[in-house]
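According to mature numbering (1 follows the signal peptide of the UniProt record, and there is no 0), the sequence shown holds residues -23 to -1, 1 to 278 in order.
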Amino acid sequence: MSILLSNLISILFLVHLSSGVLGDTHITPEIRADITYGHNWRRASLASGLVQQFDCSNMPQAKKISRLAYDCKLEHSAKKWSQNCVWEHSKSHVGENLYAVSPPFPIREGMKMAMKAWWDEELKNLTEPLPKELTSNFMNRTKAGHFTQMSTDLITTVGCAATICPKLGLFVVCHYDKRQFDRRPIYTAGRKCSECHRCEAKTGLCEISKSLKRHMDHDKQCKVAPEKSISLDTTITHPFDNGKMETETYNFHMTDINGKVKEETVITKNGKVKKYERKVGKDKNWKGFFDRELDDFFSHF
């Protein structure tokens, strides 16, 4: 590898590092409480008929909207997708909301911003009263799909995560146990709680079932070690075996959890994507290990 290219890689690495790519995006019990509270008070407002439309009329009460419990499995699947740092929905069967803000905010603040954007901001996209059947097909035509996912009476659990990405900034992903489909009612209009097994009189939400209450013990089920990560994006043009100059884009991503380092490399060439993963064991100087891996990789060019 030429000295110029080597220096370029070093410069790129430092730029991304100073931009906040290295960071702690650990979801604490306090953040989990923020997530459930942020969802549930909004859902309670909807269930009680207190959410206002553009014409100042309120959306009707809901017969059955459940209080959400926190699910660590959903948090883990959200984390896995957020680490891809790609602004697109996964192909998972679960419900999914995405949000990104750059430059990256602290994760706790970013989570609150995401929920506000999905609910408050998307309500502004509604330019006509909701039809009686309250279909998400109608909502999606007005670009409020995130709102429908937060408000649907299908869901009972939520789990969220975030990753600091080079291009997206703080990338927030929330997963839900069910996905809100087009043409399915968001909820059934009627007297609040009228179809709940047990009702929370103050909120208008259905109580969490006994089978889901175990998800509320955040400390025991969601005890995940703090994570540090480094990412690097770069594009290189160089001659291949056929003598033609071709361009490849590389994304390197390394995470460190309790000293256990995992390396991911994504290579994009001519629209084709290849992804490589490997565990590289424990390394106290994990940033130094990242540097050595880059030097070794680019020495082949």
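Glycine included, each C-beta is placed from N, C-alpha and C at the ideal position. Just so we're clear, the structure is a prediction, and the values are computed from it rather than from any experiment.
- Query: I12 lies in the alpha helix (DSSP H); which residues open and close that run?
  - Reply: 6 to 24
- Task: Helix, strand or coil for C49, going by three-state DSSP, please let me know.
- Result: helix
- So what's N114 in DSSP terms, helix, strand or just coil? For N114, the pLDDT reaches just 47, beneath the cut-off of 50, and the residue's location in the model is therefore unreliable, leaving the point undetermined.
- Message: Under DSSP, the alpha helix (DSSP H) around A91 begins and ends at which residues?
- Response: 84 to 93
- Query: In its own chain, which residues sit with a C-beta less than 7 Å from the C-beta of K56, not counting the 5 before and 5 after it?
  - Reply: A138
- Task: Kindly indicate the opening and closing residues of the beta strand (DSSP E) around G181.
- Result: Premise fails: G181 is in no beta strand (DSSP E) and is neither H nor E.
- Taking the alpha carbon of D130 as the point to measure from, which residue in Y153, P6, P143 has its own alpha carbon closest? Y153
- Item | Span separating the alpha-carbon of F158 from that of H123 | 12 Å
- Item | Separation of R44 from C33, as counted between CA atoms | 26 Å
- Message: For S54 and G220, what's the separation of their Cα atoms in angstroms?
- Response: 43 Å
- Message: Please state the DSSP three-state secondary structure of residue 282.
- Response: There is simply no residue 282 to check, as the chain begins at -23 and stops at 278 in what is shown.
- Whole-Å CB distance - D11 paired with M88, under 8 Å assumed: 6 Å
- Message: So, with DSSP's three-state summary, where would you put H123?
- Response: helix
- Determine the direct distance from the alpha carbon of T5 to that of Y47, and round the result to whole angstroms. 12 Å
- Task: Look up S128 in the DSSP assignment and say whether it is helix, strand or coil.
- Result: helix
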